[in-house]
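K.L.:
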Amino acid sequence: MKLWILRHARAESRSASGSDQDRELAAAGWRACRHLKRWIRDQGVALPDRILVSPARRTRQTAEAVFDGLGGVTPELHDALWMATTSTLVRLIQSHLARDGNDLVLVGHNPGLEDLAVQLGAELPVVGLKPGTLVILEVDPSLTPDGSSMIHLVEANELV
């Protein structure tokens with residue numbers, strides 16, 4: 003199974019409501035999303051069958067900006083992705099594997115996503131999983147580093 007791990011793109015430092023979940027993408031975040039969408043289109047990679055997204059506004063905006071118009075897969079909000087720990091993410095993936103085992107996208111937050119990527123053997127840059135970065139892994143049902151390999155690392159480009 004291919005597992006796509008996408009940290010939401012850069013967001014504003016605060017929201018009008020004061021709620022962290024209401025923070026919107028910053029201009030740099032929108033640019034990073036356009037870069038990722040272009041990369042996916044240019045590479046011709048097939049989108050996974052399922053896209054799970056944290057309910058936070060910035061993650062929803064990231065998923066819509068990156069995946070809309072690329073293959074008809076509608077992102078699904080999943081409350082467990084809000085600030086999920088690595089163990090929560092592993093349980094979520096295991097549940098997905100038991101359900102159908104098709105490729106999966108997780109759009110969420112650090113530190114959980116970065117910790118998951120590292121746990122699965124991804125070789126991240128020294129700066130870690132910056133906002134707007136995508137990691138694509140091939141994983142087996144054991145979800146161990148020995149059964150995983152990193153296929154792509156697409157670092158955020160906020161300048162285009």
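Read in order, the letters of the sequence shown correspond to residues 3 to 162 in the numbering used here.
Ideal Cβ positions, reconstructed from N, Cα and C, are used throughout, including at glycine.
(1) Determine which residues share a DSSP beta bridge with GLU140 and list them.
(2) In whole angstroms, give me the CA-to-CA distance for MET152 and TRP6.
(3) Among PRO127, GLY123, VAL129 and ALA48, which has the Cα closest to the Cα of PHE69?
(4) CB-CB under 8 Å to TRP84, same chain, minus the five flanking residues each way: which ones, in chain order?
(5) Would you decide whether VAL129 is buried or exposed? Buried here means 16 or more other CB atoms lie within 10 Å of its CB.
(6) Who does GLY110 pair with in a DSSP beta bridge?
(7) Mind checking whether LEU115 and LEU94 have CB atoms under 8 Å apart?
(8) Please look up how many angstroms separate the CB atoms of GLY31 and GLY134, rounded, as I've assumed it's under 8 Å.
P.N.:
Taking the geometry as given:
(1) DSSP lists LYS4 and SER151 as partners of GLU140.
(2) Each residue's alpha carbon lies about 10 Å from the other.
(3) With distances taken between Cα atoms, PHE69 lies closest to ALA48.
(4) Only GLN23, SER56, PRO57, ALA58, GLY110 and HIS111 meet the Cβ criterion.
(5) It counts as exposed.
(6) Residue pairing by DSSP puts GLY110 in a beta bridge opposite ARG9.
(7) Not in contact: LEU115 and LEU94 (Cβ atoms no closer than 8 Å).
(8) Approximately 6 Å separates the beta-carbon atoms of GLY31 and GLY134; this is inside 8 Å, confirming the contact.
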